[in-house]
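Asks:
Chains as they are written, first to last, in my numbering: chain S, 1 to 337; chain E, 1 to 337.
As structure tokens, then:
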């Protein structure tokens, strides 16, 4: 009855995503508003329920929710969605933790709900049954707020991107404007994760941090399932004084991103990395080859799901086949009015 | 990948429950506020997360959530919780459908959110994947609002109770006062389910009705998983013009309740009944014998879960054993601070 993995997907939003050229987590800015709500539905139901469109990048690369869904059905994994500030309604069940959509970090106080969200999710994280916790995210624009948090904490690293060409200069100038608006210099929020989250972060980072804090406080091991956003969560946990071991389960597509020094930052934060290769180049399919070409890369717990699939000795060919089943069904569903 | 039962538990509240002697769905009125939130956590996680106490009747009879949880883990059934107007926060993920806690039906407009909730849940019911839909409820005081709805629709039947002695006179006088406050005579809302729900119902009945409507409109068969509250939903569906076949999966404890003419009302509404006996008298345990003695009887989809267990040829001895495991773990959990 026990020996259970609790897999929490935090879904939310930041207005930072509306800055031109920041994110590929949606076909256009209007569609992007709905991406986390749609991702939650895809992971929970394998289908859209209230959301209007399957999230794709501007070039048509499908959301990694497809792969997380495929693996969760193969493993019988339950995914619990936490509302980390959704902008649009979702048909997926979500845990409410008092998160509101995040503002643009170039404003002075973009995430006033962050301290309350950390407190609520910490309580949930302490009480959730399960022998281990995986925490994942879906939030367009999230790598920019992750960069903002890292800077506020005084960490030097850069972040990855859902775009093949990481718009790092744009992100850095957004973060600079944000620090200025918040009257912060880099490192001014060192040791103060709540301040970093509230001034430079987003509600998803706040909820993910709280969940991990609560679990770690009750001796439940935590795996951060994602890329550089989840490394920002690791940094927040370290700045909260957590010295327990932490691991990151991400995709090889994130590790292959030379614009982000993931391995260096992970080493600095004493976070171990797992990155299981889904061997997408073995199949000639546009939905998979986009990932091989560096699009999307990670999100919705894709890397964490791959780690669980690998631990369960699930063949990657089975993962790929089921993923294409999920994808085909979605595309069919979209074609039917 | 398909052939899936969608099991929706609607959890909510009505201030009607605070009337003295109406409900046994909580040890006292304060605890009763939290019962649906706690039931949702028990079904989803098998444990409390944010709720403070395991729901029990004033005599200590445990919530039927214990049995639904036991069966759902044995069958690998996912239960989707819909927020049908929760009063207290829950750590369970819930689908938001715009429901607010219901007021006392002796007031003039106790459920102003009912029409919006029916519309939202109808949309969700249309879109939920799955080959069949089970709809269940947890709402203290729900049999009184069910009686109110039946009277507003012009149906003569009475309702069951979570108490061994059904306080039918109290319920009838509450309903009379409610009809007067709403300026309705019995039958005035015949053919107008929204009016019956808004004036004499509760938000859980509204959400359950909408879910069923949406599913039936897309040719997904619906099983109403519960007792007389779910028969009120059947009546609402009939008054909405639905003539498809409907079935009720309830417990034998409801059928044995002579104070409610369940079988007559079901026959009037052309609803077929399934009631699988969990054979609780086979085990000498206070948590089970309370049910044999007519306490609690039904709720949280207990009868629906039994029907699914029976369909899967799950031995009732296994159901009882697992139920006592769930119960023991909860009681232990409560003992630990």
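A virtual CB, placed ideally from N, CA and C, is assigned to each residue, including glycine.
Remember, predicted model here, so these are calculated numbers, not experimental data.
Which partner residues does residue 153 (chain E) have in the DSSP bridge list?
Replies: Bridge partners of residue 153 (chain E): none, in fact.
Asks: Return the residues of the stretch 42-57 of chain E that lie within a Cβ-Cβ distance of less than 9 Å from chain S, sorted by chain order.
Replies: So the list reads 44, 45, 46, 47, 48, 49 and 50, given in the order they occur along the chain.
Asks: Under 8 Å, do residue 23 (chain E) and residue 140 (chain E) count as touching if we go by C-beta distance?
Replies: In this structure, residue 140 (chain E) lies closer than 8 Å to residue 23 (chain E) by Cβ.
Asks: Quick check: the Cα distance between residue 269 (chain E) and residue 319 (chain E), rounded to an integer number of angstroms?
Replies: So the two alpha carbons sit approximately 31 Å from each other.
Asks: Nearest to residue 191 (chain S) by alpha carbon, out of S:108, S:249 and S:152?
Replies: Minimum Cα distance to residue 191 (chain S) is reached at S:152.
Asks: Against chain E, with Cβ distances strictly below 8 Å, would residue 128 (chain S) count as a contact?
Replies: Yes, contact with chain E.
Asks: Should residue 135 (chain S) go down as buried or exposed, given a rule of 16 or more other Cβ atoms within 10 Å for buried?
Replies: Classification for residue 135 (chain S): buried.
Asks: For residue 328 (chain E), does the three-state DSSP call read helix, strand or coil?
Replies: The answer is helix: DSSP assigns residue 328 (chain E) an H, G or I state.
Asks: Going along chain S in order, which residues have a C-beta closer than 9 Å to the C-beta of residue 78 (chain E)?
Replies: Neighbours of residue 78 (chain E) on chain S, chain order: 44 and 78.
Asks: My output table needs one value for residue 136 (chain S): the three-state DSSP class, helix, strand or coil.
Replies: DSSP places residue 136 (chain S) in strand when its eight states are reduced to three.
Asks: Going by beta carbon distance, what residues of the same chain come within less than 6 Å of residue 103 (chain E), once the five residues before and after it are set aside?
Replies: Around residue 103 (chain E): 15 and 110.
Asks: Please confirm if residue 94 (chain E) has its CB atom under 8 Å from at least one CB of chain S.
Replies: Closer than 8 Å to some Cβ of chain S, the Cβ of residue 94 (chain E) qualifies, so yes.
Asks: What's the call for residue 317 (chain E), buried or exposed, on a 16-neighbour Cβ count within 10 Å?
Replies: Exposed: under 16 other Cβ atoms inside 10 Å.
Asks: On the CB-based measure, 16 or more other CB atoms within 10 Å of its CB, does residue 264 (chain E) come out buried or exposed?
Replies: Counting Cβ neighbours within 10 Å, residue 264 (chain E) comes out exposed, since fewer than 16 surround it.
Asks: First and last residue of the beta strand (DSSP E) that includes residue 246 (chain E)?
Replies: 246-250 is the span of the beta strand (DSSP E), which, as asked, contains residue 246 (chain E).
Asks: Could you spell out where the alpha helix (DSSP H) holding residue 264 (chain S) opens and where it closes?
Replies: Where residue 264 (chain S) is concerned, the enclosing alpha helix (DSSP H) stretches over 262-268.
Asks: Residues in the stretch 117-148 of chain E with C-beta within 8 Å of chain S's C-beta atoms, listed in sequence order?
Replies: The stretch 117-148 of chain E vs chain S, Cβ under 8 Å: 123, 124, 127, 128 and 129.
Asks: Which residues in the same chain as residue 6 (chain E) place their Cβ atom closer than 6 Å to its Cβ, once the five residues preceding and following it in sequence are excluded?
Replies: So the list reads 128, 130 and 133, once near-sequence residues are dropped.
Asks: Do residue 91 (chain E) and residue 41 (chain E) count as a contact pair if the criterion is CB distance below 8 Å?
Replies: Taking 8 Å as the Cβ cut-off, residue 41 (chain E) and residue 91 (chain E) qualify as a contacting pair.
Asks: Thinking C-beta only, is residue 35 (chain S) closer than 8 Å to residue 121 (chain S)?
Replies: Contact: no.
Asks: Helix, strand or coil: how does DSSP classify residue 286 (chain E) here?
Replies: It is helical.
Asks: I need the DSSP call for residue 220 (chain E), collapsed to helix, strand or coil.
Replies: DSSP places residue 220 (chain E) in coil when its eight states are reduced to three.
Asks: Using the three-state DSSP reduction, which class does residue 108 (chain E) fall into: helix, strand or coil?
Replies: If DSSP states are grouped into helix, strand and coil, residue 108 (chain E) belongs with coil.
Asks: On the criterion of 16 or more Cβ atoms from any shown chain inside 10 Å, does residue 331 (chain E) qualify as buried, or is it exposed?
Replies: It is exposed - the Cβ of residue 331 (chain E) has fewer than 16 other Cβ atoms within 10 Å.
Asks: With residue 229 (chain E) as the anchor, note down where its alpha helix (DSSP H) starts and where it stops.
Replies: Where residue 229 (chain E) is concerned, the enclosing alpha helix (DSSP H) stretches over 228-239.
Asks: Going by other Cβ atoms of all chains shown within 10 Å of its Cβ, with 16 needed for buried, is residue 284 (chain E) buried or exposed?
Replies: Exposed.
Asks: Ignore the nearest five residues each way along the sequence and tell me which others in residue 261 (chain E)'s own chain have a CB closer than 7 Å to its CB.
Replies: Cβ neighbours of residue 261 (chain E) beyond the five flanking positions: 157 and 158.
Asks: Tell me, please, whether the CB atom of residue 331 (chain S) is closer than 8 Å to any CB atom in chain E?
Replies: No - not a single Cβ of chain E is within 8 Å of the one on residue 331 (chain S).
Asks: Please determine if the stretch 218-234 of chain S and the stretch 171-180 of chain S are in contact, where contact requires at least 3 C-beta pairs separated by less than 8 Å.
Replies: The stretch 218-234 of chain S vs the stretch 171-180 of chain S: no contact.
Asks: Taking only beta-carbon atoms, is residue 89 (chain E) less than 8 Å away from chain S?
Replies: Yes, because at least one Cβ of chain S sits closer than 8 Å to the Cβ of residue 89 (chain E).
Asks: Of the choices E:288, E:242 and E:273, whose alpha-carbon is the least far from that of residue 279 (chain E)?
Replies: Taking only the C-alpha atoms, the option nearest residue 279 (chain E) is E:288.
Asks: Apply the 10 Å Cβ neighbour rule to residue 323 (chain S) and answer buried if 16 or more other Cβ atoms are within range, or exposed otherwise.
Replies: It counts as buried.
Asks: Distance, Cα to Cα, residue 1 (chain E) vs residue 180 (chain S)?
Replies: Note that residue 1 (chain E) scores 39 on pLDDT, short of 50, meaning its location in the model is unreliable; the coordinates nonetheless yield the value given after this. Spanning the two alpha carbons is a distance of roughly 52 Å.
Asks: Measure from the C-beta of residue 81 (chain E) to each C-beta in chain S and report whether the shortest distance is under 8 Å.
Replies: Chain S contact via Cβ: present.
Asks: Using a Cβ-based criterion (distance less than 7 Å to any ligand heavy atom), does residue 53 (chain E) qualify as near the ligand ADP?
Replies: In terms of ligand content, the structure shown is empty, and the ligand ADP therefore cannot be addressed.
Asks: Alpha carbon to alpha carbon, how far is residue 244 (chain S) from residue 335 (chain E)? Give it in angstroms, no decimals.
Replies: Because residue 335 (chain E) carries a pLDDT of 41, less than 50, the predicted location of this residue cannot be relied on, and the following value inherits that uncertainty. Taking the straight line joining both Cα atoms gives about 29 Å.
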